[in-house]
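Below: the structure, in structure tokens.
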Amino acid sequence: MTQPPHEDLGRFAATSPQPKPGILDIVAYKPGKASAEGVADPVKLSANENILGCSEKARAAFGEAAFQLNLYPDGRANALRAAIADRYRIEPERIVMGTGTDEIFQIVNQTFLENGDNIVQGEYGFGAYAIGARACGGEVRYAPEPGYRIDVGELMAQVDERTRVVFIANPANPTGTFITEGEVRRLAAELPPSVVLVLDGAYAEFCTDPRYTDGLDLARDAGNVIVTHTFSKLHGLAALRVGWAYCPAPIAAAMDRIRLPFNVSIPAQHAAIAALADEDFQRRSIAHVERWRPWLTQQLGGLGLEVVPSGANFVLVKLPTAPGKTAPEAEAFLASRGLLVRGVGNYGLPDHVRLTIGLEEHNRAMIEALGEFLGR
Ligand SMILES: Cc1ncc(COP(=O)(O)O)c(C=O)c1O
């Protein structure tokens, strides 16, 4: 049986325990669709997962860990932190591990926000930042993103004396756009040193433009910059929930105090170590995106659709507003053809859909189906 939406679970009676003010105003995170009615085996292109799967070596390491299910994991994930530190040439003691980077964002908010403080993010910013901030009694301030891009001046215009954290995903979700190293450095330089800057690099490895940086170099010597990475995208381990943050040492020490003590499981730690070592799988994943991202962009453009230039493993596409051709109708039509994409109305983009770059046959089927939908 499917879970009813939260709204159906019942209302709080006046005499029952009441959630803190603001909790019931939070709109829960909406994951990408994983099924379509009447379609046996749809292709999920709605959650920006790795379409190539994951490293075989990671799968084997996960399997071996099945013999340790009775044990608690190493709460500090020391072997995994050492492997990350080695690979990225960073200090292991400055790494905080999370149950996915989603948990890292929660921990950042819990560490820094008091009632009445605020976070600043782009107007199309990734939904998880705001949920965590609101749960801590924080306000969320949205900066306009002209041309679907983070704009440093607009972000800075939202920062005030109650701002504790600025969150940006670079490349961003759901837009796919990125800001350059110069822009990231300008933002870091203009922010007051008391404000934390979180650079979310969930899609960093797919952004091969030479002007791009994930910010690790900048973070090395900054007292207020946190860079996050995940094993969910490049490494294809979304199911295992492993993410990490590179933080200034005192911030890492503070965050480590409040994270769940055993937040990365043994199978997840082992698989992540193996995934990190499998550079061949990583290269193939990046090459696949580099091969099909321009193809999809060009083909979608050929259908007369506006495509936002992407530095990630997905593209954002604008649909017409004419009845019969709208984004929700396109989403439903594609689902009926077994292609699950993501409507992004909840991000303030009601005319757009977001498509994860698929295998060759998925990408070709997508263009064919959209052509049919649009009558082209
Ligand atoms: C921008 C961005 N950051 C973070 C995440 C979450 O990653 P994780 O699986 O590590 O929680 C996502 C997932 O879609 C994302 O799009």
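In this text, residue positions in the sequence shown follow my numbering: the first is 64, and each later residue adds one.
All residues carry an ideal CB built from backbone N, CA and C; glycine is no exception.
Supposed contact pair residue j and residue i - C-beta distance, whole angstroms, cut 8 Å
| i | j | result |
| --- | --- | --- |
| I153 | G161 | About 16 Å separates the two Cβ atoms, so there is no contact after all. |
| Y211 | V371 | 5 Å |
| V288 | T226 | Their Cβ separation, rounded to whole angstroms, is 15 Å, which puts V288 and T226 out of contact at 8 Å. |
| V85 | R197 | For the record, residue 85 in the displayed sequence is Gly; it is not Val. Correct: roughly 6 Å between the Cβ atoms. |
| I213 | G185 | 5 Å |
| G367 | R439 | 7 Å |
| Y187 | P237 | 6 Å |
| Y275 | A375 | At roughly 11 Å, the Cβ-Cβ gap does not stay under 8 Å, so Y275 and A375 are not in contact. |
| Q449 | L143 | Since the first and last residues shown for the chain are 64 and 439, residue 449 lies out of range. |
Three-state class that DSSP yields for residue i in the structure shown
| i | result |
| --- | --- |
| Q221 | helix |
| G374 | coil |
| Y187 | coil |
| Y410 | helix |
| Y192 | helix |
| L382 | coil |
| G264 | coil |
| L339 | helix |
| N287 | coil |
| E112 | coil |
| H36 | Missing from the structure shown is residue 36; the chain here goes from 64 to 439 and no further. |
| L403 | strand |
| E423 | helix |
| E369 | strand |
| P391 | helix |
| A251 | helix |
| R74 | coil |
Bounding residues of the alpha helix (DSSP H) (the contiguous stretch that carries residue i)
| i | result |
| --- | --- |
| V352 | 342 to 365 |
| R150 | 141 to 151 |
| K120 | 119 to 127 |
| D104 | Neither: D104 is in no alpha helix (DSSP H) and is coded neither H nor E. |
| A301 | Unbroken run through A301: none, as it is neither H nor E. |
| P136 | Here P136 belongs to no alpha helix (DSSP H), and DSSP marks it neither H nor E. |
Beta bridge counterpart(s) of residue i as assigned by DSSP
| i | result |
| --- | --- |
| L176 | Looking at the DSSP assignment, L176 forms no beta bridge with any residue, so it has no partner. |
| M429 | BP columns for M429 are empty, so no partner. |
| A170 | This sequence places Ile at residue 170; Ala is not what is there. The partner list for I170 (beta bridge, DSSP) is empty, contrary to what the question assumes. |
| T162 | None, per the DSSP bridge assignment. |
| I182 | V203, V228 |
| H292 | W307 |
| L418 | V378 |
| V259 | V228 |
N-terminal and C-terminal residue of the beta strand (DSSP E) that residue i is part of
| i | result |
| --- | --- |
| P94 | Neither: P94 is in no beta strand (DSSP E) and is coded neither H nor E. |
| I86 | Per DSSP, I86 belongs to no beta strand (DSSP E) and is neither H nor E. |
Cβ of residue i within 8 Å of any chain B Cβ
| i | result |
| --- | --- |
| G138 | In the displayed structure, chain B is absent; only one protein chain is listed. |
Any non-hydrogen atom of ligand 3 within 7 Å of residue i CB
| i | result |
| --- | --- |
| A232 | Summarising the ligand content, the structure contains ligand 1 and does not contain ligand 3. |
Practice item. Output the residue ranges of the beta strand (DSSP E) runs that lie fully inside the segment 195 to 249 and measure 3 residues or longer, sorted by chain position. Key: Scanning the segment 195 to 249 for uninterrupted beta strand (DSSP E) segments of 3 residues or longer gives 202 to 206, 226 to 232, listed from N- to C-terminal end.
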